[in-house]
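As structure tokens, the structure follows; a few thoughts come after it.
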Amino acid sequence: MPGEDEVMVNEAAPQISGFFYSEPFTLSTGRPGEPPTDFRRMLIYIDSYGSVYVFHSTKPVKKLYHKFTKSPDKFTEEYGSLEITRYGVIYLTTQPRNSMYGTFKYVGDLINENQFYIDYKATIDSKVALKVYLHKY
Numbered sequence: 001m002p003g004e005d006e007v008m009v010n011e012a013a014p015q016i017s018g019f020f021y022s023e024p025f026t027l028s029t030g031r032p033g034e035p036p037t038d039f040r041r042m043l044i045y046i047d048s049y050g051s052v053y054v055f056h057s058t059k060p061v062k063k064l065y066h067k068f069t070k071s072p073d074k075f076t077e078e079y080g081s082l083e084i085t086r087y088g089v090i091y092l093t094t095q096p097r098n099s100m101y102g103t104f105k106y107v108g109d110l111i112n113e114n115q116f117y118i119d120y121k122a123t124i125d126s127k128v129a130l131k132v133y134l135h136k137y
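Here it is as structure tokens:
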């Protein structure tokens, strides 16, 4: 029971949907003496029900957007669900398209309805996570 001076606020959690993309990034350090060359983008489509479709590519976002909307199953590498708390914390749970056993969990923060970031790890045992900022297309 709240005290007399406490105010109960029933805030709804923010909702987002649409096609989001990151700037090119890499998880490798490259060969000794050479910079990495395997840069790619993370692309996430979030529908109005909170379902998530994740894929990666090196192609331009405009081209990928049109191809993805025509045949999403062809591009989707991971699929899952999104939960956003009323404080703007994002929990993204996905599993690989061709596997019933692996699950990936991402945690991040909602910046606004057009931007958010998630912590992206190469493996579950990785000590350091890469912060991937995603922008709405």
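Here the sequence shown is numbered in the UniProt record's numbering, starting from 1 and rising by one per residue.
Idealized CB from N, CA, C, for every residue including glycine.
These numbers come from a predicted model, not from an experiment.
Asked, Found
"With a 10 Å radius around its C-beta and 16 neighbouring C-beta atoms as the bar for buried, classify residue 101 as buried or exposed.", "exposed"
"Report the residue ranges of all alpha helix (DSSP H) runs contained in full by the stretch 25–75; include only those spanning at least 4 residues, in chain order.", "61–70, 72–75"
"Roughly how many angstroms separate the alpha carbons of residue 21 and residue 131, rounded to a whole number?", "13 Å"
"Between which two residues does the beta strand (DSSP E) holding residue 93 run?", "89–96"
"Buried or exposed for residue 111, please, with buried defined as at least 16 other CB atoms from any protein chain shown within 10 angstroms of its CB.", "exposed"
"Is there contact here, the stretch 27–36 with the stretch 46–63, by at least three beta-carbon pairs under 8 Å?", "no"
"List the DSSP bridge partners of residue 81.", "51, 93"
"Once the 5 residues before and after residue 135 are set aside, which same chain residues still bring their CB inside 7 Å of it?", "20, 21, 114, 115"
"Considering only DSSP beta bridges, list what residue 115 is partnered with.", "112, 135"
"Measuring straight from C-alpha to C-alpha, what distance separates residue 52 and residue 32?", "37 Å"
"Assign residue 102 to one of three DSSP states: helix, strand, or coil.", "coil"
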